[in-house]
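Using the numbering used here, the letters of the sequence shown map in sequence onto residues 5 to 234.
Positions of the beta carbon are idealized from the N, C-alpha and C atoms, including for glycine.
Below is one structure, written out as structure tokens, with a few remarks after it.
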Amino acid sequence: MKVRTKLNSNTCEYEVVRREHGEEISFRIKKLTRSRGEVATSSLMISSWETVALGSRLEQLYNRSISLGTSKIINEYLEEDTGKYIERIELEVRKGEPKLMAYRRGARKPVPISLLGDGYKVLVGVEIAVASAQDIVILEEPENHTHPALQDKILSRLTNWLKGGSRQLIITTHSIELLNKLLGVTEQENLPGAVHRVCRRNSEVIVDTVPIHEATELVYTVQADLRQFA
């Protein structure tokens, strides 16, 4: 997934570009702004492909969090959401290269993040995002490599982040289960939003946009279509 940003004095528009079956599918989402003419440009994107790589992307993101002074918050989040299984993560120099290391409960030595389970790597990426991004977080298929309980922790963390100010979350997903959870959380917390269903019909890209309060019916009617892209 790629995200291109277009800014002018009054609006900020994100073009989300996905590759499906060798072809690019793109659609645009307008950024929610705090007030007219005020556009915040800080954003952080977490791709499922990046978080399960050898850790280089996570190391880069965590290094940024150090400069922003948010690394302590990240470790507090991880300790809470993993039940103290991961006590902390640190960026250390190993054999002349920076490595993001995880200190686990009961373990004698830290291990590189790249050796953790894929679900934990997704969680680490999300924790870095919500601690470091000021106003926008973009997640690609956070359901990948995560079991339902871990998804609930991720959604809880994202919900708390959204409630912390004028913020926007963009998620791409193929999962009906995750979409249902997102709809439930946004309705319960009275958060604004919309569901954008992107599909290809006769070589044409179609984008259907439905407000959150109307989206539940859409979820049930498009379940098969969402699955066919997986």
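key: For Ile132, the nearest candidate out of Leu173, Ile78, Arg109, Ser207 (CA to CA)   = Numbered from its first residue, the sequence shown carries residue 132 at position 128. Looking at Leu173, Ile78, Arg109, Ser207, the one whose alpha-carbon comes closest to that of Ile132 is Ile78.
ask   = If we ignore side chains and look at the alpha-carbon of each, how far apart do Pro215 and Lys157 end up?
value = Numbered from its first residue, the sequence shown carries residue 215 at position 211. Numbered from its first residue, the sequence shown carries residue 157 at position 153. Roughly 25 Å separates the two Cα atoms.
request  = Give a yes or no on contact between the stretch 73-89 and the stretch 119-133, applying the rule of three or more CB pairs nearer than 8 Å.
outcome  = yes
Option nearest Glu218 by Cα separation, candidates Thr176, Leu187, Asn206, Val209 = Counting from one through the sequence shown, the residue named residue 218 turns up at place 214. Among Thr176, Leu187, Asn206, Val209, the Cα nearest to that of Glu218 is on Leu187.
key: Cβ pair Arg161, Tyr81 closer than 8 Å   = Translated into the one-based positions of the sequence shown, residue 161 becomes position 157. Translated into the one-based positions of the sequence shown, residue 81 becomes position 77. It is a contact, given that the beta carbons lie within the stated cut-off.
query = Taking three-plus beta-carbon pairs below 8 Å as touching, is the stretch 133-143 in contact with the stretch 104-115?
reply = no
key: For Arg205, the residue or residues it bridges with in DSSP   = Here residue 205 corresponds to residue number 201 of the sequence shown, with the count starting at 1. Answer is Glu208, bridged to Arg205.
DSSP bridge partner residues for Glu218 (one or two, in chain order) = For the purposes of this step, residue 218 is identified with residue 214 of the sequence shown, where counting begins at 1. Paired residue(s): none; Glu218 is not in a bridge.
message = Tell me the rounded alpha-carbon separation between Glu96 and Leu120.
response = Sequence index remark: in the sequence shown, residue 96 carries index 92 (1-based). Sequence index remark: in the sequence shown, residue 120 carries index 116 (1-based). Their Cα atoms are separated by approximately 16 Å.
Per-residue DSSP class, three states only, for Pro152 = Counting from 1 along the sequence shown, the entry for residue 152 is found at position 148. Residue state, collapsed to three classes: helix.
key: Nearest candidate by alpha-carbon position, reference Val115, set Arg92, Gly123, Gly100   = Within the sequence shown, residue 115 is the residue found at index 111, counting from 1. Checked all of Arg92, Gly123, Gly100; the closest Cα to Val115 is Arg92.
key: Where Ala106 sits in the DSSP three-state scheme   = Translated into positions along the sequence shown, residue 106 becomes position 102. Strand.
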